């Protein structure tokens, strides 16, 4: 889930992404999503099957995840997904996905409200 607080992952340039920029962006995203303590590495391990040392290296920004691990991180973390799309210059793709999710959530809320109103209306009509 994207949090309203924390870092913005906007890029300053539109050129190639450096290895350092990639490592730091993933580190920041993971820290924002799951925290920076040892338990955060365990969450990343659970998501990816990576070793503890590997997950801690991602958290510290010493190394970035390989493609296979990155895919699993993106599958489990909207923040990592948003960062990767931002690094690729494709922020609008995340916006579209977010709007779809928000719309589905709103539809569920409206359905629940309709059920509550219908149930309340039936009690007063009796």
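Numbering (our numbering), first residue to last: 708 to 833.
Note that beta-carbon positions come from the ideal geometry of N, C-alpha and C, so glycine has one too.
Since the structure is predicted, the reported quantities are computational estimates derived from the model, not experimental observations.
Endpoints, the alpha helix (DSSP H) within which residue i is located
{"i": "residue 735", "result": "726-741"}
{"i": "residue 745", "result": "745-755"}
{"i": "residue 762", "result": "759-767"}
{"i": "residue 786", "result": "785-794"}
Beta-carbon gap between residue i and residue j smaller than 7 Å
{"i": "residue 668", "j": "residue 740", "result": "Residue 668 is absent from the model: the chain starts at 708 and stops at 833."}
{"i": "residue 757", "j": "residue 776", "result": "yes"}
{"i": "residue 900", "j": "residue 736", "result": "No statement about residue 900 is possible, as the shown extent of the chain runs from 708 to 833 and does not include it."}
{"i": "residue 771", "j": "residue 733", "result": "yes"}
{"i": "residue 801", "j": "residue 791", "result": "no"}
{"i": "residue 774", "j": "residue 763", "result": "no"}
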